[in-house]
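Q: In terms of mature numbering (1 follows the signal peptide of the UniProt record, and there is no 0), the sequence shown is residues -18 to -1, 1 to 332. Virtual Cβ for every residue (Gly too), placed ideally from N, Cα, C. Note that the structure is predicted; figures quoted are calculated from it, not measured. Take a look at the following structure, please.
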Amino acid sequence: MASAAVACATLLALAGCADSDATANQGASSGSGGVVPNADVNGDGKVVIGVLSPGDINDNGYYQSFVTGAETFAKEKGWEIIKRGSVPESEALSAARALCQQKVDMVALGASELKDAIPASEEAVCEKTAWYVPSSGNVEQTPRIMLSTDDPAQSILSAGYATGVLMQQRNTKKAAFVAGMEVDFNINASKAFQAGIKSVIPDANITTTYAGDQDDAAKAKEAVQAQIDQGVGAVYPYLGGSTDAATRLANTKKLITLTPGTDRCDSADPKFDVSVLFSPGDYFTEALKLFADGKLEMGVQKVWTIGKDPYPTVKLCGDNPEAKQKIDQFMEDIASGKIDASAEVERLGK
């Protein structure tokens, strides 16, 4: 990763300016990679962030979360946000060009489905822009973009560990993982959750149920009720729009519950015991903070690490110092390499 003390030659290449003073004043484009020292990349006296999302940015879920935190931070900084949701993949490239024509300082993609927009970063119209791109391993790194990614095993393993600590305190050994479709991301999350619990309670009994749909409340409640009937003490509703319905049912039996990505500790209806934070909006907001501080770097992949970065993380809801200390230490051990999350999932996530 390049040093923050970028050489003059690099700054000139980034901004295309005549001298280093002009570069400092006008900011730097992402043209040759390196640190972008000024959020006003194009030097027009204002900062404008352009966001493209493949989904509905008013969905009260995943896609909206990407924009919400950014808007809050931008408002605090006096920045402007231009946003467009429900962008078809076939229109990603033209939509990115349109943002650059509006002289945005950053183009941010809400999800890697819009990766076809990235070639615009190489074009003259987008010369003086920074690019923020979430990656799921399917996006090629280029000098003009920052890739943002995480290791899901870290956050879900830690969620399972937190659940195991709370289960141990409540003297229960049964837990459930309820997801929608039986697809890879749910299957892998289920294994990581199981591994986390078993790292605390080796003989725990963890059952996974696939409701068949991430958003169907009736199916989610049916799946949770089946687990309640089996006497579980904890349930992880790893769902979308049906999360609240599933959690409310779990609340009727005072089961341990967790969030699938966002901070809901202040929610009273439904109530959550653990917030598992890996929202794309959280990562984007942290990247904007780096952008504001002149520390955002193009041409690199930023891997957000639990126990090291602000996100992802696992947050206990309520006052439980003993459990919090154990969970925080577990995440720190992942960050230091003492615990290999992927290896733990492979060993215990059966």
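For Ser137 versus Thr295, is the C-beta spacing smaller than 9 Å?
A: The count along the sequence shown starts at 1 and reaches residue 137 at position 155. The count along the sequence shown starts at 1 and reaches residue 295 at position 313. In contact: Ser137 and Thr295 (Cβ atoms closer than 9 Å).
Q: Taking only runs that begin and end inside the region 40 to 120, name each unbroken alpha helix (DSSP H) of 4 or more residues, in chain order.
A: 44 to 59 and 74 to 83
Q: Which full runs of the beta strand (DSSP E) of 3+ residues lie inside the region 127 to 177, going along the chain?
A: Scanning the region 127 to 177 from its first residue to its last, the whole beta strand (DSSP E) runs of 3-plus residues come out as 128 to 132 and 156 to 161.
Q: On the DSSP bridge list, what partners appear for Lys284?
A: Walking along the sequence shown from the start, residue 284 turns up at place 302. Paired residues: Ser130.
Q: Whole angstroms is fine: what's the gap from Asp185's alpha carbon to Thr154's?
A: Walking along the sequence shown from the start, residue 185 turns up at place 203. Walking along the sequence shown from the start, residue 154 turns up at place 172. Distance between the alpha carbons of Asp185 and Thr154: 11 Å.
Q: If you draw a straight line from the alpha carbon of Cys299 to that of Ile31, how long is it in whole angstroms?
A: On the sequence shown, residue 299 is found 317 positions in, with the first residue counted as 1. On the sequence shown, residue 31 is found 49 positions in, with the first residue counted as 1. Whole-angstrom Cα-Cα distance: 33 Å.
Q: What are the start and end residues of each continuous beta strand (DSSP E) run of 3 or more residues lying completely inside the region 228 to 272, in chain order?
A: 256 to 259
Q: Please classify Ala106 as buried or exposed, where buried requires at least 16 other C-beta atoms within 10 Å of its C-beta.
A: To locate residue 106, count along the sequence shown from 1; it is residue 124. Counting Cβ neighbours within 10 Å, Ala106 comes out exposed, since fewer than 16 surround it.
Q: Should Asn40 go down as buried or exposed, given a rule of 16 or more other Cβ atoms within 10 Å for buried?
A: The residue labelled residue 40 in the question sits at position 58 within the sequence shown. Result: exposed.
Q: In three-state DSSP terms, what is Ile188?
A: Along the sequence shown, one-based indexing puts residue 188 at 206. Strand.
Q: Report yes or no: do three or more beta-carbon pairs, one from the region 230 to 242 and one from the region 262 to 275, lie closer than 8 Å?
A: no
Q: Under the rule that 16 or more other beta-carbon atoms within 10 Å means buried, what is Lys28, buried or exposed?
A: Taking the sequence shown and counting its residues from 1, one reaches residue 28 at position 46. Exposed.
Q: Considering just the uninterrupted stretch of the alpha helix (DSSP H) at Ile309, what are its terminal residues?
A: Numbered from its first residue, the sequence shown carries residue 309 at position 327. Here the alpha helix (DSSP H) through Ile309 covers Pro303 to Ser318.
Q: Of all Cβ atoms in chain D, is any one closer than 9 Å to the Cβ of Asp211?
A: Absent from the structure is chain D; it holds one protein chain and no more.
Q: Between the Cα of Glu328 and those of Thr50, Leu139 and Cys82, spot the shortest distance and give me the residue it belongs to.
A: In the sequence shown, residue 328 corresponds to position 346, counting from 1. Of Thr50, Leu139 and Cys82, the residue nearest in Cα terms is Leu139.
Q: Three-state secondary structure (DSSP) at Ile31?
A: The count along the sequence shown starts at 1 and reaches residue 31 at position 49. Ile31 falls in the strand class under three-state DSSP.
Q: Name the two residues that bound the continuous alpha helix (DSSP H) containing Ala208.
A: Numbered from its first residue, the sequence shown carries residue 208 at position 226. That run of the alpha helix (DSSP H) goes Ala199 to Asp211.
Q: From Phe159 to Ala208, what does the alpha carbon distance come to, in whole angstroms?
A: For the purposes of this step, residue 159 is taken as residue 177 along the sequence shown, with counting starting at 1. For the purposes of this step, residue 208 is taken as residue 226 along the sequence shown, with counting starting at 1. Between Phe159 and Ala208, the C-alpha separation is close to 12 Å.
Q: By how many angstroms is the C-alpha of Phe55 removed from the C-alpha of Val23?
A: If you number the sequence shown from 1, residue 23 lands on position 41. If you number the sequence shown from 1, residue 55 lands on position 73. About 18 Å.
Q: Straight-line CA distance for Ala(-4) to Asp245?
A: Numbered from 1 along the sequence shown, position 15 holds the residue referred to as residue -4. Numbered from 1 along the sequence shown, position 263 holds the residue referred to as residue 245. Here the model assigns Ala(-4) a pLDDT of 30, short of 50, so the residue's position is not dependable, and the following value carries that caveat. Cα-Cα distance, rounded: 38 Å.
Q: Please classify Asn20: is it buried, with 16 or more other beta-carbons within 10 angstroms of its beta-carbon, or exposed?
A: Here residue 20 refers to the residue found at position 38 of the sequence shown. Classification for Asn20: buried.
Q: How would you write the range of the alpha helix (DSSP H) that Val217 sits in, first residue to last?
A: Locating residue 217 in the sequence shown gives position 235, where the first residue counts as 1. Note, Val217: premise wrong, no alpha helix (DSSP H); beta strand (DSSP E) at Ala216 to Tyr220.
Q: Go through its chain and collect everything with a Cβ distance to Asn7's Cβ below 8 Å, but skip five positions before and after it.
A: For the purposes of this step, residue 7 is taken as residue 25 along the sequence shown, with counting starting at 1. Unreliable positioning characterises Asn7 in this predicted model, as indicated by a pLDDT of 32, which lies under 50. The coordinate reading is nonetheless provided below. Cβ neighbours of Asn7 beyond the five flanking positions: Asn20 and Gly25.
Q: Following the continuous beta strand (DSSP E) through Val296, name the residue where it begins and the one where it ends.
A: Along the sequence shown, read from residue 1 onward, the residue named residue 296 stands at position 314. Start and end: Thr295 to Leu298.
Q: Would you identify the three-state DSSP class for Val327, choosing helix, strand or coil?
A: Residue numbering aside, residue 327 sits at position 345 when the sequence shown is read from its first letter. DSSP places Val327 in helix when its eight states are reduced to three.
Q: Buried or exposed: Arg152, going by 16 or more other Cβ atoms within 10 Å of its Cβ?
A: Here residue 152 refers to the residue found at position 170 of the sequence shown. Exposed is the call here.
Q: Going by the DSSP bridge assignment, what does Gly16 pair with across the sheet?
A: The residue labelled residue 16 in the question sits at position 34 within the sequence shown. Partner(s): Met280.
Q: Could you check whether the region 73 to 85 touches the region 45 to 61, counting it as contact only if at least three pairs of C-beta atoms, one from each stretch, sit closer than 8 Å?
A: no
Q: Who are the Cβ neighbours of Ile309 in its own chain at under 8 Å, not counting the five residues just before and after it?
A: Residue 309 sits at position 327 when you count from the first residue of the sequence shown. Here the set comprises Ser140, Tyr143, Ala144, Val147, Val296 and Leu298.
Q: When the distance is taken between beta carbons, is Ile100 closer than 9 Å to Thr124?
A: Along the sequence shown, read from residue 1 onward, the residue named residue 124 stands at position 142. Along the sequence shown, read from residue 1 onward, the residue named residue 100 stands at position 118. Taking 9 Å as the Cβ cut-off, Thr124 and Ile100 qualify as a contacting pair.
Q: Applying the criterion that 16 or more other CB atoms from any shown protein chain within 10 Å of the CB defines a buried residue, is Ala325 buried or exposed?
A: Here the question's residue 325 lines up with position 343 in the sequence shown. Under this definition Ala325 is an exposed residue.
Q: Taking only the alpha-carbon atoms, compute the straight-line gap between Gly243 and Val17 and give it to the nearest angstrom.
A: In the sequence shown, residue 243 corresponds to position 261, counting from 1. In the sequence shown, residue 17 corresponds to position 35, counting from 1. One C-alpha to the other measures close to 29 Å.
Q: Could you tell me whether the region 110 to 120 touches the region 212 to 229, using the rule of 3 or more Cβ pairs below 8 Å?
A: Contact between the region 110 to 120 and the region 212 to 229 is absent, because fewer than three Cβ pairs lie under 8 Å.
Q: Compute the Euclidean distance between the alpha carbons of Gly222 and Lys203, then round it to the nearest angstrom.
A: For the purposes of this step, residue 222 is taken as residue 240 along the sequence shown, with counting starting at 1. For the purposes of this step, residue 203 is taken as residue 221 along the sequence shown, with counting starting at 1. Taking the straight line from one Cα to the other gives about 13 Å.
Q: CA-CA distance, Ser72 and Ala78?
A: On the sequence shown, position 90 is the one that residue 72 refers to. On the sequence shown, position 96 is the one that residue 78 refers to. In a straight line, the C-alpha of Ser72 is about 12 Å away from that of Ala78.
Q: Using CA coordinates, which residue listed in Gln46, Lys59 and Lys180 is at the minimum distance from Phe273?
A: Sequence index remark: in the sequence shown, residue 273 carries index 291 (1-based). When only C-alpha atoms are compared, the closest one is Lys59.
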